[in-house]
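A quick write-up on the structure given underneath.
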């Protein structure tokens with residue numbers, strides 16, 4: 008598993024949810040592809056190698072469940088197609104407008120201190136930058 012990732016499967020034991028063979032296949036596929044910020048379709052294709060009977064609807068439902076449980080999170084993307092990553096320490100994203108690749112940066116997101124002065128409680132934040140990666144700029 009990549010450094011800095013958190014994947015607490017104990018959350019399944021604490022909940023009423025079961026880690027079915029299909030969910031296991033989706034989870035394995037996601038972990039194989041996690042460095043790429045995979046789409047549900049890419050996860051589906053990989054999950055079928057682990058469980059040939061898994062359907063695309065099951066993949067979407069499993070990913071939604073994993074997001075709800077806090078195992079993974081959705082990542083901003085260029086075309087609105089959901090991409091996923093493991094829960095990590097706070098970090099930022101850069102999305103290339105040409106190739107669509109998503110890059111991660113470790114710098115903590117900036118939160119305006121006035122937000123909390125106004126009574127809001129910030130749980131999480133992220134910054135997404137859009138532009139052109141070095142390869143696409145050439």
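Residue numbers (my numbering): 8 to 145.
All C-beta atoms, glycine included, are put in the ideal place defined by N, C-alpha and C.
{"Query": "Given residue 142, which residues of its chain have a CB within under 6 Å of its CB, disregarding the five upstream and five downstream residues?", "Result": "none"}
{"Query": "Is DSSP giving residue 58 helix, strand or coil here?", "Result": "coil"}
{"Query": "For residue 31 and residue 119, I'd like the C-alpha separation in whole angstroms.", "Result": "40 Å"}
{"Query": "Consult DSSP for residue 66 and reduce its assignment to one of helix, strand or coil.", "Result": "helix"}
{"Query": "According to the neighbour-count rule (16 or more other Cβ atoms, all chains shown, within 10 Å of its Cβ), is residue 88 buried or exposed?", "Result": "exposed"}
{"Query": "Measuring only the C-alpha atoms, how far is residue 13 from residue 57?", "Result": "The predicted model places residue 13 with a pLDDT of 46, which falls under 50 and marks its position as unreliable, so this point remains unresolved."}
{"Query": "To the nearest angstrom, report how far apart residue 42 and residue 18 are at their CA atoms.", "Result": "23 Å"}
{"Query": "Could you tell me if residue 37 is buried or exposed, where buried requires 16 or more neighbouring beta carbons within 10 angstroms of its beta carbon?", "Result": "buried"}
{"Query": "Roughly how many angstroms lie between the CA atoms of residue 10 and residue 128, to the nearest whole one?", "Result": "Residue confidence for residue 10 is low, a pLDDT of 42 falling below 50, so the modelled location carries little weight and cannot support an answer."}
{"Query": "Using DSSP with H/G/I as helix, E/B as strand and the rest coil, what is residue 140?", "Result": "coil"}
{"Query": "Can you have a look at residue 133 and say buried or exposed, based on whether 16 or more other CB atoms are within 10 angstroms of its CB?", "Result": "exposed"}
{"Query": "Taking only three categories from DSSP, how would you classify residue 105?", "Result": "coil"}
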